[in-house]
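**Q**
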Amino acid sequence: MSARTKLTAVAAAAVVAFGVAAAAPAATAAPTPGEAAVAAAPTADWLHTDGNRIVDEAGNQVWLTGANWFGFNASERVFHGLWSGNLESITRQMAQRGINIVRVPISTQLLLEWKAGQTIRPNVNTFVNPELEGLNNLQVFDHWLALCEKYGLKVMLDVHSAEADNSGHVYPVWWKGSVTPELFFQGWEWITTRYRTNDTIVAMDIKNEPHGTPNDPQRAKWDSSTDQDNFKYACETAGRRILAINPNLLILCEGIEIYPRAGATWNSPDTNPDRSPNYHYNWWGGNLRGVAEHPVNLGAQQDQLVYSPHDYGPLVYEQPWFAGDFDKDSLTNDVWRPNWFYIHEQNIAPLLIGEWGGRLGQDARQDRWMAALRDLMIENGIHHTFWCLNPNSGDTGGLLLDDWASWDETKYNQMLKPALWQHNGTFVGLDHQVRLGGADSTTGMSLAERYAGGPGPGDTTAPTAPGQPTATDVTATAATLNWTAATDNVGVISYEVLRATGSGAASVVATVSGTSYRATGLTASTSYTFTVRARDAAGNVSAASPPRTVTTTAGNDNGNGDAGCSATYRVTGSWQGGYQAEVTVRNTGTAAITGWTVNWTAPAGTTIASLWNGRLTTSGTTVTVRNEPYNGQLAAGTSTTFGLTGSGSGTPSGLTCTAS
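Printed below as a string of structure tokens:
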């Protein structure tokens, strides 16, 4: 069916407001027998945000789980692979295999060419793609959008670079040469206007991987200024101009590369280019620390904002956190939480990991990183688009093999498939009318089928009560709870954890998407009673689970008499009159700890100039460093690090670590 049959009143009003007459909607296609029971579902597929969730127009929670297909951003100005692969076959296979959204890199130069009526006949094998015979690259794109609608796929557009260049993403900012910042905004306005009523395109990723270091001639920063190189301002401006045309599009703002440490500014020198003490470094596009102090403001359409970091493994670049032992907990505490995961945890906005992935089976550390990030996204319902479909991505490889027809089944089955949205073993699409994979799909369902009857008055059945929680890793200040999932006629979307102390009333202390919760901030030698209840998309709440009473241990005991941690101090660099060091804190016990404190005696004449990933206090020559909120919890055998710079030289003495 035409997306124009799904035109909402809001979208129609936006069209009229800009002086363009709205086309009368065509008659809605008759539902298939399987769809007849879900006629009350929304007729448009626009998405919005609610805290850290993305929801449809009826408030149903959705999960965007997709992949990238590049080529329109490059000099070829069309999808790569059409020189040997069939466009419809590739599109159908993506949908049938559970990919529900495709991130499509483009360039501002391409948008400006299309705006000016400048198209090209692309390099397409018309023997394999006879339906593309005679089409220019814009017509190929429109033909592909129709295929996406046919197979229930949604699309996200991503300005990957200013110029149409296979290496254009290497340039750090969103303007270059004749492509000015204003033309960057105008390119976005043009394509938004062209497809403003087409709800196949549901999201706009404003700029891929803005980056740069203080030593670069151009670099992206993040603050509250209106400076040309402030990406927060650029994303905000582009987002508002897009939403003035179509207020229903999701606006994705990626991170940058660096962010000043406490006490530093954007004018501070990069005194150590490898890892400067003045700046936090991360992947290009992966540093969203600035959101805490300088959030993006989209005005009346704030509920369209999504933050979108990128993250990769050691085969792409040897980041410092891959040098030693690492696991999901250490990556979360040391890298993901301080850079972007806090945005999800604090319910600021949804996250969509726009790029992740890589080669599988070539490096154990690479595989460990990829599995860890996959599991984090599954456990927390974080949206994502895998990099990438293309086998010609040099440092990551693709989901397709070199023939552009066969799939890398190991990579797909081990890494991507578990992180695709599924319900009762069937993939879930983002289109209310069309099944993911097409009308006759046996592997996918539509949103209307997933939320049969909708979340309104039609669903009045509450979920069953969850199972009685179990308690493990009980310490003086924390405990881990796990419970058996509840069931529901439509689907459970979250669990509320309630806590009572003594004979006091129970109150909700957390809402989680999974069936586990780490309760922290408890008091030693105190009894707490926990219950859990389930909530569905309609707001129906289950009865509470049977209670579980937990008594915390005394002092630093972690429940089994082993609450140990160790600290290892290592000088990582030195210069005349100064040095940089790293301290590794490891849980040497057999159960989790929730906090740590490291002490040492500094050599005479030594002072600490700056410290990160820890909280510093000094008294004379006694130095004390306590964990930050994001890196205190360590599972048995795992570790975290903090770093510092100082003046003087010498190795500290009396280094101790105390766990809590």
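Numbered by mature numbering (1 follows the signal peptide of the UniProt record, and there is no 0), the letters in the sequence shown go through residues -29 to -1, 1 to 631 in order.
A virtual CB, placed ideally from N, CA and C, is assigned to each residue, including glycine.
From Y252, I177, I229, pick the residue whose C-alpha is nearest to that of L220; which is it?
**A** Of the listed residues, the one whose Cα sits closest to L220 is I177.
**Q** Below 8 Å between beta carbons: does that hold for N201 and K192?
**A** Their beta carbons are under 8 Å apart, which means N201 touches K192 by this criterion.
**Q** Do the region 86 to 102 and the region 24 to 35 meet, that is, are 3 or more Cβ pairs less than 8 Å apart?
**A** Because the criterion of three Cβ pairs below 8 Å is not met, the region 86 to 102 and the region 24 to 35 do not touch.
**Q** In whole angstroms, what separates the C-alpha of I314 from that of A476?
**A** In a straight line, the C-alpha of I314 is about 30 Å away from that of A476.
**Q** So what's L146 in DSSP terms, helix, strand or just coil?
**A** Here residue 146 is Trp; the residue named in the question, Leu, does not match the sequence. Note: W146 maps to coil in three-state DSSP.
**Q** Do A235 and Y250 have their CB atoms nearer than 8 Å?
**A** In contact: A235 and Y250 (Cβ atoms closer than 8 Å).
**Q** On a CA-only basis, which of D21, A15, H51, T20 is nearest L372? Give me that one, please.
**A** Ranking the options by Cα distance to L372, first place goes to H51.
**Q** List the DSSP bridge partners of V594.
**A** V594 is bridged to W571, T589.
**Q** Determine the contact status of Q393 and G69, defining contact as a CB-CB distance below 8 Å.
**A** Yes, the Cβ-Cβ distance between Q393 and G69 is below 8 Å.
**Q** Which partner residues does residue 651 have in the DSSP bridge list?
**A** Because residue 651 is not part of the residues shown, which for the chain are -29 to 631, the question remains open.
**Q** Which of helix, strand or coil does DSSP assign to S487?
**A** Three-state DSSP puts S487 in a strand.
**Q** According to the Cβ coordinates, are L276 and A320 closer than 8 Å?
**A** Cβ atoms of L276 and A320: closer than 8 Å.
**Q** What number of angstroms, rounded off, separates the C-alpha of N304 from the C-alpha of Y601?
**A** Between N304 and Y601, the C-alpha separation is close to 5 Å.
**Q** Is the region 253 to 260 close to the region 278 to 294, with three or more CB pairs under 8 Å?
**A** The region 253 to 260 vs the region 278 to 294: in contact.
**Q** When you compare the region 153 to 161 with the region 209 to 223, are there three or more beta-carbon pairs, one atom per stretch, that lie closer than 8 Å?
**A** Result yes; three or more Cβ-Cβ pairs closer than 8 Å.
**Q** Below 8 Å, how does it come out for the region 98 to 109 and the region 141 to 157: are there three or more Cβ pairs, yes or no?
**A** Not touching, per the Cβ criterion.
**Q** Here's the rule: buried if 16 or more other CB atoms are within 10 angstroms of the residue's CB, otherwise exposed. What is R586?
**A** Classification for R586: exposed.
**Q** When you compare the CB positions of W628 and V542, do they come within less than 8 Å of one another, or not?
**A** The question names Trp, but residue 628 in the sequence shown is Cys. Their beta carbons are not under 8 Å apart, which means C628 does not touch V542 by this criterion.
**Q** Taking the alpha carbon of T522 as the point to measure from, which residue in S487, A515, W583, A447 has its own alpha carbon closest?
**A** Comparing Cα positions, the closest option is A447.
**Q** List the DSSP bridge partners of Q393.
**A** DSSP output for Q393 lists F398 as bridge partner(s).
**Q** Considering just the uninterrupted stretch of the beta strand (DSSP E) at F156, what are its terminal residues?
**A** Segment 152 to 165 is the alpha helix (DSSP H) holding F156; no beta strand (DSSP E) there.
**Q** Give every residue of the same chain whose Cβ lies closer than 8 Å to the Cβ of R232, excluding the five residues on either side of it in the sequence, and list them in chain order.
**A** Excluding residues within five positions, the ones whose Cβ falls inside 8 Å are P248, N249, Y250, H251, S581, W583.
**Q** Exposed or buried, W546, counting other C-beta atoms within 10 Å across all chains shown (16 or more means buried)?
**A** By the 10 Å Cβ count, W546 comes out exposed.
**Q** Could you check if V141 is buried or exposed, using at least 16 other CB atoms within 10 Å of its CB as the buried criterion?
**A** Exposed, because fewer than 16 other Cβ atoms sit within 10 Å of the Cβ of V141.
**Q** So, is E6 buried or exposed, given that buried needs 16 or more other C-beta atoms within 10 angstroms?
**A** The pLDDT assigned to E6 is 29, lower than 50, so where the model puts this residue is not dependable, and the model offers no usable value.
**Q** Could you check the C-alpha separation between A10 and R557 for me, to the nearest Å?
**A** Unreliable positioning characterises A10 in this predicted model, as indicated by a pLDDT of 34, which lies under 50. The coordinate reading is nonetheless provided below. Going from the Cα of A10 to the Cα of R557 covers about 56 Å.
**Q** At a Cβ threshold of 8 Å, is G328 touching chain B?
**A** Annotation note: the requested chain B is absent from the structure, which comprises a single protein chain.
**Q** With 16 as the cutoff for other CB atoms within 10 Å, does Q333 come out buried or exposed?
**A** Per the 10 Å Cβ criterion, exposed.
**Q** Helix, strand or coil: how does DSSP classify A205 here?
**A** Correct three-state label for A205: helix.
**Q** Cα-Cα, which of T612, P623, A575 is closest to D598?
**A** As written in the sequence, residue 598 is Asn, which differs from the Asp given in the question. Ranking T612, P623, A575 by Cα distance to N598 puts T612 first.
**Q** Pull up the DSSP beta-bridge partners for C224, would you.
**A** BP columns for C224 point to Y278.
**Q** Taking three-plus beta-carbon pairs below 8 Å as touching, is the region 163 to 182 in contact with the region 116 to 135?
**A** Output reads yes: the region 116 to 135 touches the region 163 to 182.
**Q** Return the first residue and the last residue of the alpha helix (DSSP H) that H355 is part of.
**A** Per DSSP, H355 belongs to no alpha helix (DSSP H); it is in the beta strand (DSSP E), 354 to 357.
**Q** Does A294 come out as helix, strand or coil in the three-state DSSP assignment?
**A** It is coil, neither helix nor strand.
**Q** Under 8 Å: do the region 455 to 466 and the region 431 to 441 share three or more Cβ pairs, one atom per stretch?
**A** As far as the Cβ criterion goes, the region 455 to 466 touches the region 431 to 441, which means the pair count is three or higher.
**Q** Whole angstroms are fine: how far does the CA of D411 sit from the CA of T(-2)?
**A** Because the pLDDT of T(-2) is 27, which lies under 50, any placement of that residue in the model is unreliable, and the number read from its coordinates should be weighed accordingly. Using only the alpha carbons, I get a separation of about 19 Å.
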